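Participant: For the sequence shown, the numbering used here gives the first residue as 3, with consecutive numbering after it. Glycine is no exception: its CB is placed at the ideal position from the N, C-alpha and C atoms. Just so it is clear, the structure is predicted and the values come from calculations on it, not from any experiment. The structure that follows is given in the form of structure tokens.
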Amino acid sequence: MRFAVRGHAGWAEYGHDIVCSAVSALTTAAANGLVQQAGMSRAVRQRHGELDCVVLGFPSDSEWNRADAILETMLAGIRSIAREYPGTILVVEKNRPESGRDLQARGCKE
3 MRFAVRGHAG WAEYGHDIVC SAVSALTTAA ANGLVQQAGM SRAVRQRHGE LDCVVLGFPS
63 DSEWNRADAI LETMLAGIRS IAREYPGTIL VVEKNRPESG RDLQARGCKE
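And the structure:
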């Protein structure tokens, strides 16, 4: 299971972009929730305009269920922002049999 966000929404200047701030808050909360609420191990790489989160190891079924709820909530929030601010976010979702879900959100003004 993995999710990543890259790029910038381009809604406003750097440091004043509420779209980027909202997506950053949702993805950071989800990455923390995987550990604190789902009990999972994860690796996070965070740089300017980028966050990549990968689940490590072999989670139990109950951990997967909690993680899925966390990621569905994050995804619902990002999709809601994309509807409110059209042309700022592109969401890509892939289901991979070997590793589960792969979610990506990209700013449209990279």
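When you compare only the Cα positions, how much space is there between S82 and G59?
Facilitator: Approximately 31 Å between the Cα atoms of the pair.
Participant: In its own chain, which residues sit with a C-beta less than 7 Å from the C-beta of A40, not counting the 5 before and 5 after it?
Facilitator: Closer than 7 Å at the Cβ level, and outside the excluded window around A40, lie E65, R68, A69 and I72.
Participant: What is the rounded straight-line gap between the Cα of V57 and the Cα of A32?
Facilitator: Roughly 12 Å separates the two Cα atoms.
Participant: Beta-carbon within less than 8 Å of I20's beta-carbon, same chain only, minus the 5 sequence neighbours each way: which residues are those?
Facilitator: Excluding sequence neighbours, I20 sits near W13 and A14.
Participant: Here's the rule: buried if 16 or more other CB atoms are within 10 angstroms of the residue's CB, otherwise exposed. What is H50?
Facilitator: Counting Cβ neighbours within 10 Å, H50 comes out exposed, since fewer than 16 surround it.
Participant: How long is the line joining the alpha carbons of T90 and P61, rounded to whole angstroms?
Facilitator: About 34 Å.
Participant: So, helix, strand or coil for S62, using DSSP?
Facilitator: Reduced to three states, the DSSP call for S62 is coil.
Participant: Pull up the distance between the alpha-carbon of V46 and that of L53, whole angstroms please.
Facilitator: Taking the straight line joining both Cα atoms gives about 7 Å.
Participant: Could you pull the DSSP bridge partners for V25 from this structure?
Facilitator: According to DSSP, which records beta bridges pairwise, V25 is partnered with nothing at all.
Participant: Return the residue from the list N97, L92 and K96 that minimises the CA-CA distance to R8.
Facilitator: Considering only alpha carbons, the answer is L92.
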